[in-house]
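In the numbering used here, the protein residues as written are 389 to 517.
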């Protein structure tokens, strides 16, 4: 059974978004996504300073089974990336919601988060797949 923390917002493409206290938004892939991918062996994240619109391709995650694009769930400027994933991509498998985050955005408009799925809606989306 996948974990789906209730404080996060979710994209139907299996990214999560967490609004931080400083107004930035941290983004990663869900437990459901990492489970489906299997052992993650490579992560490509956007560059700091990149501007992303909601739905833009923001990177790639590769596993022993497949490669999958990562999308920006909201619009904004990339202000940080998780450089630890370069050497330890398996962190995505072991801790997808904390140490396995991918990148952080300075959002253009935090109200875009309201368009994403709640934990319950995301769990239902996964069950329907």
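Using N, Cα and C, we set each Cβ at its ideal position, and we do this for glycine too. Values in this document were obtained by computation on a predicted structure and should not be read as measured data.
Open item on the list: If you follow the beta strand (DSSP E) that residue 485 is in, where does it begin and where does it stop?
Closed with: Unbroken run through residue 485: none, as it is neither H nor E.
- [ ] Apply the 10 Å Cβ neighbour rule to residue 512 and answer buried if 16 or more other Cβ atoms are within range, or exposed otherwise.
- [x] exposed
TODO: Using 10 angstroms around the beta-carbon of residue 470, count the other beta-carbons present and answer buried if the total reaches 16, otherwise exposed.
DONE: buried
TODO: Can you tell me which of 494, 503, 483, 500 puts its alpha carbon nearest to the alpha carbon of residue 423?
DONE: 483
Task: residue 486 to residue 447 span [Cα, whole Å] - done: 18 angstroms
- [ ] Measure the C-alpha to C-alpha separation of residue 501 and residue 397 and round it to an integer number of angstroms.
- [x] 7 angstroms
TODO: Pick helix, strand or coil for residue 407, following the three-state DSSP scheme.
DONE: strand
TODO: Take residue 427 and list the residues in its own chain whose beta-carbon comes closer than 6 angstroms to its own, dropping the five residues that flank it on each side.
DONE: 451, 452
Open item on the list: Can you list, in chain order, the residues of its chain with a C-beta nearer than 7 angstroms to that of residue 457? Leave out the 5 residues immediately preceding and following it.
Closed with: 445, 448
Task: Buried/exposed call for residue 455, threshold 16 Cβ in 10 Å - done: exposed
Task: Sequence-distant residues of its chain with Cβ nearer than 6 angstroms to residue 354 (five each side left out) - done: Residue coverage of the chain in this structure runs from 389 to 517, which leaves residue 354 outside it and unanswerable.
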